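**Q** Quick note, the sequence shown lines up with residues 121 to 520 if you use the numbering used here.
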Amino acid sequence: MYPDRVVSGMRPTGALHLGHFHGALKNWVKLQSEHPCLFFVADWHALTTHYDDPSVIEVSIWDMVIDWLAAGVDPKQCSIFIQSRVPEHAELHLLLSMTTPLSWLERVPTYKDQQEKLADRDLGTYGFLGYPLLMSADVLIYRASMVPVGEDQIPHVEMTRELARRFNHIYGREKGFEEKAQEAVKKLGGKLGKQYAALRTAYQEQGHHEALEQARVLLEQAQSLSAADRERLLGYMAGGHKSILVEPRVLLTEASRLPGLDGGKMSKSYGNTIALREEKDAVVKKVRTMPTDPARVRRTDPGEPARCPVWKLHEVYSDDSTREWVQKGCRSAGIGCIECKQPVIEGILREQEPMRERAQQYLDNPALVRAIVADGCDKARVLAQETMRDVREAMGLNYK
Ligand code: TRP
Ligand code: SF4
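1) State yes or no: is the C-beta of L243 within less than 8 Å of the C-beta of D187?
2) Between A494 and D413, what straight-line distance do the alpha-carbon atoms span, to the nearest angstrom?
3) If we count the other Cβ atoms within 10 Å of its Cβ and call it buried at 16 or more, is G250 buried or exposed?
4) For the segment 215-232 and the segment 250-267, state whether three or more C-beta atom pairs, one from each stretch, are separated by less than 8 Å.
5) With a threshold of 7 Å (Cβ to nearest heavy atom), would D382 be considered close to ligand 2?
6) Between the Cα of P379 and the Cα atoms of G360, E367 and V407, which residue gives the shortest distance?
7) Could you give the C-beta distance for C497 and V228, rounded to a whole number, given that I count them as a contact under 8 Å?
8) Let me check you understand the geometry: is the CB of G359 closer than 7 Å to at least one non-hydrogen atom of ligand 1?
9) If we call anything under 8 Å between Cβ atoms a contact, is I200 one with V185?
10) Determine the burial state of I465: buried for a count of at least 16 other Cβ atoms within 10 Å of its Cβ, exposed for fewer.
11) What is the rounded straight-line gap between the Cα of R509 and the Cα of A500?
12) Determine the closest residue to F248 out of T168, Y437, W148 and V430, with distance taken between C-alpha atoms.
13) In chain order, what residues of the same chain have a beta carbon less than 8 Å from the beta carbon of D172, not counting five sequence neighbours either side?
14) Should L145 go down as buried or exposed, given a rule of 16 or more other Cβ atoms within 10 Å for buried?
15) Within 7 Å: the Cβ of P379 and any heavy atom of ligand 2?
16) Tell whether a beta-carbon distance below 8 Å holds between S376 and H142.
17) Mind checking whether F159 and T219 have CB atoms under 8 Å apart?
18) Can you give me the start and stop residues for the beta strand (DSSP E) that S128 sits inside?
19) Whole angstroms is fine: what's the gap from G310's alpha carbon to R320's?
20) Using alpha carbons as the reference points, say which of E367, P268 and A317 lies closest to H289.
21) On a Cα-Cα basis, can you pick out the residue from I274, Q480, G383 and I202 that is closest to T409?
22) Please give the ranges of any beta strand (DSSP E) in the segment 185-260, keeping only runs that are unbroken, at least 3 residues long and fully inside the region.
23) Thinking C-alpha only, which one of P429, E398 and G292 is nearest L353?
24) Does the segment 277-286 come into contact with the segment 296-316, if we say contact requires no fewer than three beta-carbon pairs (one atom in each stretch) closer than 8 Å?
25) Identify the continuous alpha helix (DSSP H) that holds R350 and give its terminal residues.
26) What is the C-beta distance between I177 and A191, in whole angstroms, given that I count them as a contact (C-beta under 8 Å)?
27) Please find out if some non-hydrogen atom of ligand 3 comes closer than 7 Å to the beta-carbon of V127.
28) What does the alpha-carbon distance come out to for the pair Y323 and A358?
29) Residues bridged to P429 by DSSP?
30) Taking any heavy atom of ligand 2 as the mark, which residues have a C-beta closer than 5 Å to it, listed down the chain?
31) On a CA-only basis, which of A318, V511, M279 and P268 is nearest M130? Give me that one, please.
32) Output the residue ranges of the alpha helix (DSSP H) runs that lie fully inside the segment 338-419 and measure 4 residues or longer, sorted by chain position.
33) Report yes if the C-beta distance between H140 and L396 is below 8 Å; otherwise report no.
34) Within the segment 136-166, note down every full beta strand (DSSP E) run reaching 3 residues or more, in order along the chain.
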């Protein structure tokens with residue numbers, strides 16, 4: 121019915137680091153060649169926690185888009201845009217808020233967690249409580265079927281699914297739905313009609329989730345159907361109402377394998393990051409001053425890679441033979457730590473080289489970045505407006 125669309129967003133709250141590259145952006149780059157993708161700067165989301173100091177948002181936005189482009193996110197293959205430039209997100213957020221039980225928002229795990237973690241900010245705000253709902257609107261407005269996010273965001277996507285279901289249930293009712301749906305099955309024709317009926321049985325009676333996906337594909341291919349009939353038949357798979365909003369599923373992004381300079385999770389708040397486009401000299405310096413196995417005080421003391429943060433970087437950046445050289449050399453004190461760090465430095469610089477190159481043209485020509493985003497906003501807006509038309513109509517807001 122709707123193409124297998126992918127939507128994801130990122131908050132602009134500072135420069136991106138290599139952890140973001142390994143954790144999210146590499147995955148985006150892969151996805152853009154497989155599905156229609158929409159990637160956006162979640163500036164309103166940043167405001168939910170940084171409302172008293174929005175200046176970081178403004179400077180981070182363009183840098184972040186350049187970081188994406190540097191990482192290989194390709195505006196020819198996907199749409200890149202800024203959330204606040206597609207105000208339909210806010211309209212859907214408002215309309216969804218009418219039917220969202222407060223308890224759904226209060227029980228989202230990040231609500232209490234983040235309030236505790238960011239205790240220096242006052243997050244007892246309406247905007248912060250509603251942030252998962254805004255995220256749901258971000259996804260539902262594009263009728264996305266897939267949302268690539270990390271583990272911490274799973275509850276938000278779950279809630280998005282529940283909201284879509286609830287919305288369709290309340291507003292997807294239609295007089296004579298059953299009859300109209302059966303008419304539409306006839307319009308599918310003999311062969312497709314039979315296939316559809318079989319998929320519906322498989323879904324309803326055996327709970328086969330793939331059947332829903334397959335029906336989606338089947339309906340998309342059925343050229344003879346009107347858009348309204350497609351919506352009906354997709355809704356008819358699940359029950360007695362139209363499917364106006366689409367339930368998305370999580371595409372779980374594996375946690376970044378890239379640790380920080382101290383061996384812990386790479387994170388701005390730990391001060392252990394290497395920026396995506398870090399200056400070469402700074403990369404060299406940061407790796408050279410990394411802590412190593414604390415037992416290796418002198419050059420002649422043998423060490424143990426398992427206790428050393430540098431080893432974890434070898435696991436990401438080095439090939440087998442280099443790793444063997446590290447294992448042997450470290451344990452026998454055959455190599456020094458500076459020597460051992462050299463291949464890591466080279467690996468990081470090699471990874472960053474194409475990113476630096478790609479970024480340069482955008483740094484030289486900021487208008488190019490603005491144009492890419494303007495184009496992405498236009499594309500996103502077309503899809504968002506289409507959904508909002510259907511949503512307004514379903515809610516009875518099309519007054520004449
Ligand atoms: N909440 C996400 C985060 O903090 C960012 C985000 C906002 C998002 N809207 C989204 C991610 C929609 C995926 C889809 O990381
Ligand atoms: Fe770490 Fe390498 Fe030094 Fe061993 S030789 S302690 S692995 S930096």
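Beta carbons are placed, not taken as given, at the ideal position from N, Cα and C, and that holds for glycine.
All of these numbers come straight from a predicted model, not from anything done at the bench.
**A** Result, derived from the coordinates:
1) no
2) 49 Å
3) Under this definition G250 is a buried residue.
4) yes
5) no
6) The candidate whose alpha carbon is nearest that of P379 is V407.
7) C497 to V228, Cβ: 28 Å. No contact.
8) Every heavy atom of ligand 1 is 7 Å or more from the Cβ of G359, so no.
9) Yes, the Cβ-Cβ distance between I200 and V185 is below 8 Å.
10) buried
11) 14 Å
12) T168
13) R241
14) buried
15) Flag unset: Cβ of P379 not near ligand 2.
16) yes
17) no
18) V126 to M130
19) Whole-angstrom Cα-Cα distance: 15 Å.
20) E367
21) G383
22) Listed in chain order, the complete beta strand (DSSP E) runs (minimum 3 residues) inside the segment 185-260 are 198-202.
23) From the listed residues P429, E398 and G292, the smallest Cα separation to L353 is found for G292.
24) no
25) Per DSSP, R350 belongs to the alpha helix (DSSP H) from A347 to A358.
26) At roughly 20 Å, the Cβ-Cβ gap does not stay under 8 Å, so I177 and A191 are not in contact.
27) Absent from the structure shown: ligand 3. Ligands present: ligand 1 and ligand 2.
28) About 8 Å.
29) In the DSSP output, where bridge partners are listed per residue, P429 has none listed.
30) T412, D413, R416, G423, P425, C428, V430, W431, C450, C457 and C460
31) P268
32) 347-358 and 400-408
33) yes
34) 157-161
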